[in-house]
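Reading through the structure tokens given below for one structure.
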Amino acid sequence: MSRVFVDGIGAVSPAGWGVAPLRAALEKNVPLPIQPVARPGWDNPLFVRPVQPPAARPAFFAHPRLRRANAITQFTVAAALEALGETVSLVQNGAVRLGIIVGVMTGCVNYSRRFYEEVLKDPATASPLIFPETVFNASASHLAAFLGSNAICYTLVGDDGTFLQGLALAAQWLADDKVDACVVIGAEETDWIVADAIKLFQPNAVHSAGAGAVLLKKDSGAIAELAAITDSFPFTQRQTRAAAAGRMRSQLPPGAKDELLCTSGQQLPRPDAAECQAWSDWTGVRVAPRAILGEAFLAATAWQCVAACDVIRQNKFSGANVSVVGANQQAIGARFAKPVLGGNA
Amino acid sequence: MLFPPPKISGSANANRVVVTGAGIFTALGSGWKTNAGGFSAGRTAFRPVTLSDVSRQRSKIASEADLPAELPALKLSRNNIRRLNRASKMLLHAAHEAWSQAGWSAEENLPVVLGTTSGEMSLGENYLQQAVRFPRAKNRQPTRVVHYQIQRQGIDLCNAFGFHGPVMIISNACASGANAIGHAFELVRSGRAGKVLAGGYDALCQLTFAGFDSLQALSPTICRPFDATRDGLTLGEGAAILTLETFEHARKRNAEILGEITGYGTATDTHHLTQPHPEGNAALAAMTAACACAKVSPEQIDYVNAHGTATPQNDATEAVAVNRWACARARKLPVSSTKSSIGHLLGAAGAVEAVVCLMALRGQWLPPQISLNQIDPACRFQIVREPVDAKIEMALSNSFGFGGANASLIFRRWA
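Sequence lines, in order, name chains A and B.
Numbered according to the numbering used here, the first sequence spans residues 178 to 522.
Numbered according to the numbering used here, the second sequence spans residues 37 to 451.
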């Protein structure tokens, strides 16, 4: 079995475009400001943490495939390009076979809602420009087109934990020599309809948006080593959320003082209960990006992984566990470690 | 652990992958026998759309499935069953047939890989309609949110048969079902899993129908793949599920083997979000990769189940790609698109067409396209136009989708 390393990370979040603003927000450890978003039929708005426009317009916005693309595609491409760094040119000139995995839960909901509203008004005049952007794999397709990558490209749909399934899939493609590198992206966008739906289940949760990206390579990598991904423990009739979280926890190491735990909690008692219980024995440092940045499903899980890899890159911790107790599908975890070439993870 | 993965048997990429159960639900009916009868005779299942108002659309027909009043016996609670919608029910019908045929029992850590484009989209549509028209009415909205989400259908599948396992959902547009089976094939072949439940499903919904209609991709007449006068696709709905396991595992338990999966190839077409490259480069790459995986040449393929949507661009591109891939073999290569019978099932298409290939291999017949009038001269291959018996050992199935997702699978007859 080949070893798998993290060679790049990227992020777009309510904190800003890039890993640096994400790091700054997590270090500050203060929830970011919320913004109102109108919803039909209500005077009082919903509140979200949207991604602010970038300080300077990224050059990739001008690409023919990206000019009309939805926000989730812009986040996807920006995070992926940051993670890829100099590998971009190697992909574009065909020297590197790049696998692409994009994971979403609500996905391209903004254009989907807009298109369906047009259908409800009059299906005969619904826009053919919008419909293709409602397809789940539109973002992955645009990224592949931008990079000129003809290699394998999947879009996965599921709850927050699906991002870690994507990392495992990438590791499989690398081990099977289907690709030379693989970028895994979790992305979501804000929309009032999602905020409205979240409010039905978690009235105090704040919907947010963005993307996180992790570039995996085989046998070498500058940032961290992918040490483990636990099994996916689904929430079923026979396995409660708490039981699934406990089984996930049992597959990760107990932890040491110089290790970080990056959880999926939002500092909301009910949704966090299973994860808190599972990690009640953890004595080290914890961070919970959703509590600061908001609930962005797969993008938020990607931020967890980006944050975990970033602290290892900065020599703040020697290892980091990522714990995900998802919205409604699974508990799953991962472990990243300082890369030691030739040694054991 | 998903990573590093445990090796359960054999060496890397060495396990033979066999199909021991296949379930299918389409507008032709429920189950292998009914569908085999329909596909072998080239029956069609198109009719006026009744599920939504299409009076303002160009196209007014689809391949709607008739759902039985009852689900088969499952381990779901009465409440859960009451909340299931159309796509879930079709998925469960197909899964029940496959599960029963395979003779599997509930166990821990049985992976599920599903392909779909929109899952229970109609519930999302209902949610939005109510949220816009009656914003303060919250009745039924939580249920819609829960059951709309695609992962819920995977969890329902686990609950229905009482097993646990990772649920992976691939949404690569119209190649999703083929990708799901292909990924499951790779899991078993590489030894990462001993058994996998895989397939695809999609139900008709207003958003998708209106979307394809807005693109003028739907036929206002009748779906005629590879016809020189074709004018678009017809949407359909359905589900198909396969039980995949290693040959060793199947042999040890004396399971009946329906066929073998020997090859899977994928490629990404970066030409356009909705239009394939006219030279069919990615389609050619997917077929070539599937053959390399199966260690066979086009000369050894006895039948191609084409993606064949009947849109002018898809069929033209696929014809070019098949011509390029098959070369001299093309002149005598039987090809057909079973979308001429049941329409385009989107995320379910690749899975349903995989079952059709297994049926053809088992029954030694070729599925015809009865509605074909005038063959597009771009097709150098033989379109199957009449019901016919044939000796076929290997079949290749193509699935291509929006976003440039291209996938090919190869199946071998089990004798």
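Ideal placement from N, C-alpha and C gives every residue a C-beta, glycine not left out.
When 7 Å is used as the limit between beta carbons, R119/B is near no residue of chain A, the shortest such separation being about 14 Å. Cβ contact annotation for E143/B (same chain, cutoff 7 Å, sequence separation greater than five): F199, in chain order. Against chain A, the beta carbon of H200/B has neighbours under 8 Å at F410, P411, T413, R415 and Q416, listed in chain order. Of the candidates I378/B, G399/B, A362/B and P413/B, A362/B places its Cα closest to the Cα of L432/B.
If you look at A455/A, you'll find it in the alpha helix (DSSP H) that goes P446 to A455. Flagged as an interface residue toward chain A: R172/B, by a C-beta distance shorter than 8 Å.
Of D357/A, A303/A and K434/A, the smallest CA-CA separation from G271/A is found for D357/A. DSSP, read as helix, strand or coil, puts V85/B in coil.
Restricted to the region 155-227 of chain B, the alpha helix (DSSP H) segments that are unbroken, complete and at least 4 residues in length are 157-169, 177-184, 186-197 and 212-225, listed in chain order. Listed along the chain, the chain B residues whose CB falls inside 7 Å of the CB of V296/A are Q242, L243 and A246.
Judged by DSSP secondary structure, R122/B falls within the alpha helix (DSSP H) whose first and last residues are R122 to A138. A residue is called buried when at least 16 other Cβ atoms come within 10 angstroms of its Cβ; A319/B meets this threshold and is buried.
In this structure, Y237/B lies away from G439/B, with their beta-carbon atoms at least 8 Å apart. Inclusion of G496/A and F513/A in the CB contact set at 8 Å is warranted, their separation being smaller than that value. In the three-state DSSP reduction, F292/A falls in the helix class (H, G or I).
Minimum Cα-Cα distance from S95/B among the listed residues M157/B, K231/B and F82/B corresponds to F82/B.
Straight through space, the alpha carbons of V273/A and T264/A are spaced by roughly 8 Å.
For the options V196/A, C285/A, Q212/A and G276/A, the alpha carbon positioned closest to that of A364/A is the one of C285/A.
Residue-level contact check: A301/A touches chain B, since one or more beta carbons of chain B fall below 8 Å from its beta carbon. Under DSSP, E296/B takes part in a beta bridge, and its partners are V54/B and R448/B. Residue pairing by DSSP puts E281/B in a beta bridge opposite V54/B and K231/B.
Interface with chain A (8 Å Cβ-Cβ cutoff): D263/B is excluded. Counting along the chain, C241/B sits inside no alpha helix (DSSP H), nor does DSSP assign it H or E at all.
Not a single CB atom of chain B sits nearer than 8 Å to the CB of S427/A. The secondary-structure analysis by DSSP pairs C330/A across a beta bridge with I277/A. Taking 8 Å as the cut-off, the Cβ atoms of R52/B and T282/B count as close.
When Cβ pairs closer than 8 Å are counted between the two stretches, the region 300-311 of chain B is seen not to touch the region 166-182 of chain B, the count staying below three.
For a Cβ distance threshold of 8 Å, residue set F39 of chain B lies close to L403/A, ordered along the chain. Cβ contact annotation for F412/A (same chain, cutoff 6 Å, sequence separation greater than five): R418 and A421, in chain order. About 7 Å separates the beta carbon of P261/B from that of T345/B, a gap short enough to meet the 8 Å contact definition. In the structure shown, V181/A adopts extended strand secondary structure according to DSSP, grouped into three states. Contact with chain B is found for D353/A, since one of that chain's Cβ atoms lies less than 8 Å from the residue's Cβ.
A Cβ-Cβ distance of about 19 Å is found for the pair P191/A and R216/A, leaving them out of contact under the 8 Å criterion. Under the DSSP assignment, G67/B falls outside any alpha helix (DSSP H); it carries neither an H nor an E label. At a cut-off of 8 Å, the C-beta of R490/A has no neighbouring C-beta in chain B. A distance below 8 Å separates the beta carbons of A399/A and D184/A.
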